[in-house]
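Structure record follows, encoded as structure tokens.
Numbering (the working numbering), first residue to last: 10 to 100.
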């Protein structure tokens with residue numbers, strides 16, 4: 010998927026915390042899957058919680074990026090508007 014301008018990241022990465030992987034690359038296990046065999050359950054869960062916190066941080070960064078983008082669009086639109094004052098009876 011491509012990066013969207015308002016959020017600065019792909020929709021897939023905002024949902025799953027990583028970029029989409031082609032099927033050819035799936036044969037190599039991820040570090041998280043490899044470490045699960047050698048790490049205690051408590052350490053694995055703490056690591057998973059840390060990754061979820063990083064994902065929340067990415068969500069907040071995307072939201073902030075989106076708000077800056079909306080302000081930019083608003084400013085660009087309002088730049089071309091002209092102030093008009095209407096009075097009762099103007100038609």
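Note that beta-carbon positions come from the ideal geometry of N, C-alpha and C, so glycine has one too. Predicted model only: the values in this text are computed from it and were never measured.
Could you tell me whether the Cβ of residue 87 comes closer than 9 Å to any Cβ of chain D?
No chain D appears in the structure shown, which is made up of a single protein chain.
Would a C-beta distance cut-off of 9 Å place residue 74 and residue 17 closer than the cut-off?
yes
When DSSP labels each residue in this structure, what does residue 22 get in the three-state scheme?
helix
Here's a check: name, in chain order, each residue in its chain whose Cβ is nearer than 7 Å to the Cβ of residue 68, leaving out the five neighbours to either side.
23
Could you check what DSSP says for residue 28 in three-state terms: helix, strand or coil?
coil
Counting only the same chain and skipping the five closest in sequence on each side, list residues whose C-beta sits under 7 Å from that of residue 71.
Apart from the 5 residues on each side of it in sequence, residue 71 sits with its Cβ closer than 7 Å to the Cβ of 16, 17, 18 and 23 in its chain, given in chain order.
Helix, strand or coil for residue 100 per DSSP?
For residue 100, the three-state secondary structure derived from DSSP is coil.
Below 8 Å CB to CB, which residues in the same chain sit around residue 45 once its five sequence neighbours on both sides are set aside?
Cβ within range, chain order: 53.
Following the continuous alpha helix (DSSP H) through residue 51, name the residue where it begins and the one where it ends.
50-87
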